[in-house]
Amino acid sequence: MAIQNEFEAKRSKTLRWGYLFAAVAIIVFVVFLARILVLQNTNVQAIKDDYISKNYREAKLMAARGNLYAADGSILATTVMRYDVYIDFKTIKDTAYTNNIGPLTDSLSTMFGKPRSYFRDRLDQQRKAQNQYYSLVKGLDFDEYDRIRKFPIFKKGKNKGGFIVDRNFKRELATTQIGAGTIGMDNGVSQSGLEGAFSKYLRGTDGTRLEQRVNSSQWKPIDYWKVKEPVDGQDVYTTIDLRIQDIAHSALEKQLINFDADHGCVLVMEVATGKVKAMVNLKRTEPGMYVDSYNYALKDATEPGSTFKTVSLLAAMDDGFIDDKTTVNVGNGVWTYAKQRISDGHGGGEYEIADVLAKSSNVGSAKLITQYYADKPQVFLDHLKRWKMFDKMDIELPGITKPYIVTPENKRWNAATLASLAYGYSSRFNLLQLTTFYNGIANNGTMLKPLFIDKILKDGQQLYVAKPEVMVKKMASKEAIAMMTGALTKAVEKGTAKSIFTPNLKMAGKTGTARFEYWKPGPPKYQASFAGFYPADNPKYTCIVMINQPDNSKSFYGSTVAAPVFKEIAGKTFLKTPQNVEPELLVDKKVDLSRMVAPNVKVAVRGKQMPRVVGLIGKNVIPQLENLGYRVDYKGVGRIMEQFPLEGTVIKKDQKIYLSLQN
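Residue numbers for the sequence shown follow our numbering, so the first one is 1 and each next one is one higher.
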């Protein structure tokens, strides 16, 4: 009985403790649950504002911008990786710092050429302040980064050596001397040129990462928590032919210097495709110095002058008003129409229709157009509408101007306006619009849209390949196109452009000399131009040249100022074509073209074996090797003459590659 009572007592005591524990557990759970409910419903935003948002942030992780290429594969602009190094002193143990700070400062002194004490003072100071994100150096290339990360203390890595690296991308132009303004840029604020036009393909999609606040002005990336990985941009192959671009640049620059002109530009378009193979714009910054800084070819609309006679006379040819037998009497080269005095610079008498263009007769053009369209100017203007000459061109490049033509609806229209239109006044066009028109004549009457993209690639796979886009299927009758081609050919052979005639390369084109700002006092200002195509009997390229404000005392006519540039471009463009062109046209003293024309080759390291790079262009190969993570040491410029390791050698990422270039 006593034993049973003792058992009951122990049982009761155990139950009391069990009940007490259960009660306490329930109370704790209820308090915990209540706390969660309170946090969820009343204090989340306060905690987020007070702690999380003040100490952590989501930062942008930049995507690598795609490469911009010329049509032959030469790099125009590329993205290279640069490394910023920071130090977290809180993670470095006292013994590791004390035992290795001397060797570390020795290494930094040797690498950066500053006294050991310079680094010791700064590192000791930051160590004392326990700086978690001290900026040591920025903008290292891979070779420099690979060297510094092996220094004492740093080689222990981030968690023990406090070594933090932030990778950034830097955009570099491969052809800073040729077409830098044409290549353009996109700095996130403003855009220009090809870089700006194709940013939607090149820029990629940025990612995000989490960063932790270190102090009032510094944030440290948390590498293990990347919210979203960036997607790198696509590679864009432009239509620009680097060899033709250089030829045009050199020819234009030389003539600008010869005539001390204010600025000038050149466009070269491939007849069969509409692809723009060269676009050069040069502006004088000081006597004898010209830079590619503003796109005159697209952004400036000017009165075209005599190059527009091709447009006006083609309308009359297409309507059947004039043919090969048509003649016009220009008298003594002076004619007054609707109280407006129109004059020619030379000649007089009876002109055949080809002579009107060949001799660039203002009187002849005005007489013919007013004779047939004075009572119905809209018929004439309808031709211009059909040829898209009222429309702003639909191209990728930013900033192109809209054409301007005075019409009967305009308050500036009067009885003499149609005559002014006939020889290139009372209207304004950008040079790309005129090039497109001339290219349509060269292309047997089919006007094509100007193209600046050749293809788009992503990871070596073609996403887009450009094809010719027809703007106007049939500009005029076959007979009218043939008649105009013959007249433009005669202009070079016997007319105002006969100074550039050569029997070895048949060219067709029209000179232009336009006076602008003629209402202002002071010396007259002129713009000289030449538009045409070559070879005339089987056109391959259309080219327009404009030179603005040449020295009047030297010359200001399109025939002597602009046409020679066209001739030089035509001759050198056919450097590789079996043509018996005069030797002086093939001489280029400015640039060694052999260094510019070799196509870029995609460098790939397969099976950890060194590829063959001898013979390739160094500026194309070196960025690729660095972006693959290899260290490259090179000397000289141009083609790679020697390489070490040799082709087929097994290489490691920490092994240096030595390249010897031409000079």
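Here a beta-carbon is modelled for each residue, glycine too, at the ideal position from N, C-alpha and C.
For the alpha helix (DSSP H) that residue i lies in, which residues bound it at each end?
i, result
"residue 484", "478-493"
"residue 119", "116-128"
"residue 497", "Element bounds for residue 497: n/a, residue is neither H nor E."
"residue 297", "296-299"
"residue 209", "Premise fails: residue 209 lies in the beta strand (DSSP E), 207-213, not in any alpha helix (DSSP H)."
"residue 379", "377-386"
"residue 311", "309-318"
"residue 108", "94-112"
"residue 517", "Element bounds for residue 517: n/a, residue is neither H nor E."
"residue 60", "It is not in any alpha helix (DSSP H) - residue 60 instead sits in the beta strand (DSSP E) that spans 56-61."
Report the three-state DSSP secondary structure of residue i (helix, strand or coil).
i, result
"residue 429", "strand"
"residue 542", "strand"
"residue 582", "In this prediction, residue 582 has a pLDDT of 47, which is less than 50 and means its spatial position is unreliable; what the coordinates show is noted afterwards. Coil, per DSSP."
"residue 240", "coil"
"residue 361", "coil"
"residue 17", "helix"
"residue 329", "strand"
"residue 272", "coil"
"residue 655", "coil"
"residue 159", "helix"
"residue 439", "helix"
"residue 588", "Legend: pLDDT at residue 588 = 44, less than 50; position of this residue unreliable, value from coordinates given subsequently. Of the three classes helix, strand and coil, the one that applies to residue 588 here is coil, per DSSP."
"residue 349", "coil"
"residue 137", "strand"
"residue 733", "Only positions 1 to 663 of the chain appear in the structure, and residue 733 is not among them; the question remains open."
"residue 72", "coil"
"residue 530", "strand"
"residue 634", "strand"
"residue 304", "coil"
"residue 399", "coil"
"residue 369", "helix"
"residue 145", "helix"
"residue 35", "helix"
"residue 405", "strand"
"residue 501", "coil"
Can you give me the C-alpha to C-alpha distance between residue i and residue j, rounded to a whole angstrom?
i, j, result
"residue 374", "residue 418", "7 Å"
"residue 280", "residue 182", "7 Å"
"residue 498", "residue 491", "7 Å"
"residue 139", "residue 167", "9 Å"
"residue 366", "residue 512", "16 Å"
"residue 458", "residue 82", "22 Å"
"residue 474", "residue 607", "56 Å"
"residue 200", "residue 646", "40 Å"
"residue 204", "residue 150", "33 Å"
"residue 627", "residue 605", "12 Å"
"residue 147", "residue 610", "21 Å"
"residue 111", "residue 124", "19 Å"
"residue 651", "residue 80", "21 Å"
"residue 537", "residue 506", "7 Å"
"residue 304", "residue 343", "17 Å"
"residue 336", "residue 415", "12 Å"
"residue 437", "residue 274", "11 Å"
"residue 667", "residue 550", "This structure gives no information on residue 667, because the portion of the chain shown stretches from 1 to 663."
List the endpoints of the continuous beta strand (DSSP E) containing residue i.
i, result
"residue 670", "It is not possible to answer for residue 670, since the shown part of the chain is limited to 1 through 663."
"residue 279", "276-286"
"residue 81", "75-87"
"residue 471", "470-472"
"residue 621", "From DSSP, residue 621 is part of no beta strand (DSSP E) but of the alpha helix (DSSP H) over 618-627."
"residue 446", "Segment: none, residue 446 is in no beta strand (DSSP E) and carries neither H nor E."
"residue 456", "453-458"
"residue 463", "461-465"
Of all the options the options, which has the alpha carbon lying nearest to the alpha carbon of residue i?
i, options, result
"residue 84", "102, 615, 136", "136"
"residue 250", "305, 149, 567", "567"
"residue 472", "384, 519, 395, 556", "384"
"residue 131", "92, 258, 528", "92"
"residue 452", "651, 278, 142, 300", "278"
"residue 171", "196, 153, 164", "196"
"residue 276", "541, 9, 652, 548", "541"
"residue 282", "270, 272, 261", "261"
"residue 55", "141, 213, 257, 26", "213"
"residue 442", "232, 603, 484", "484"
"residue 352", "495, 120, 535", "495"
Quick one: is the Cβ of residue i within less than 7 Å of any heavy atom of the ligand COA?
i, result
"residue 367", "As far as ligands go, the structure on display features none, and thus does not contain the ligand COA."
> Are there three or more Cβ pairs, one per stretch, closer than 8 Å when the segment 477-493 is compared with the segment 309-323?
Replying inline: yes
>> With three or more C-beta pairs closer than 8 Å as the rule, is the segment 513-525 touching the segment 225-243?
In response: The segment 225-243 vs the segment 513-525: no contact.
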